[in-house]
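This report concerns only the one structure given below.
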Amino acid sequence: GGTQRTIYRVDQSGRQIPMWTVNENNEEGVLAIVSADPRVQVPAGSAVGIIKYHTLSSKTQITLRGSNLSLRLTDYSHGHEINLNGCNYRWVMSKNTMSTNTLYLKTDGDRLLAKWSGKPESRGGDSSPIFELFVPPQTFDMDLLVVTGLASAGYWKKANK
5 GGTQRTIYRV DQSGRQIPMW TVNENNEEGV LAIVSADPRV QVPAGSAVGI IKYHTLSSKT
65 QITLRGSNLS LRLTDYSHGH EINLNGCNYR WVMSKNTMST NTLYLKTDGD RLLAKWSGKP
125 ESRGGDSSPI FELFVPPQTF DMDLLVVTGL ASAGYWKKAN K
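This is the structure we're talking about:
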């Protein structure tokens, strides 16, 4: 079976704007992320990102706008490294808690770009995971943020079973 969910961008006034739709095929271990607005999908009908989890290994295959990315465990196995066009990023858990419920996106220089919370607090009963961005959205590849964040979070969810 499969599920479908929407990822919203929340603007400063609190208004929710649908940005991505995540289609999950549980039997195949595949997530397909498409733009919620088909008019901005380039090329039309193609996925922004595809994440495939391998059942017999810890390998995760990622395709971002048609290009393959690798999600490699960091040296201390507390996160994942991603290289895109010569830029290195890491999704890492807090070294203090080692909890996989919160992951941080950082640059090579340890600059904090974003946070993913799998169990956010104080959201009025809404337990949907959230991405929190610490840089202006126009300065960062939001597709990269969402696709790699979901891939890393999904890896830890699978690894913790």
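Numbering (the numbering used here), first residue to last: 5 to 165. Virtual Cβ for every residue (Gly too), placed ideally from N, Cα, C.
The C-alpha of MET97 lies about 31 Å from the C-alpha of SER50. When DSSP states are grouped into helix, strand and coil, LYS56 belongs to the strand group. The three-state secondary structure of GLN8, taken from DSSP, is strand. Here the alpha carbon of MET146 sits roughly 25 Å from the alpha carbon of SER81. In the DSSP secondary-structure assignment, ARG94 is bridged to GLU85, LYS110.
Judged by DSSP secondary structure, THR25 falls outside any alpha helix (DSSP H) and instead within the beta strand (DSSP E) spanning 20 to 29. By the Cβ criterion, the region 63 to 74 is in contact with the region 83 to 90, since at least three pairs of Cβ atoms, one from each stretch, lie closer than 8 Å. Minimum Cα-Cα distance from GLN16 among the listed residues PRO140, GLY90, ILE66 corresponds to PRO140.
Judged by beta-carbon spacing, ILE66 lies within the 8 Å limit of VAL151, meaning their Cβ atoms are closer than that value.
The DSSP-derived three-state label of SER156 is helix. Ranked by Cα distance from GLY113, the options GLY122, TYR93, LYS99 are led by TYR93.
About 16 Å separates the beta carbon of LEU137 from that of ALA157, a gap too long to meet the 8 Å contact definition.
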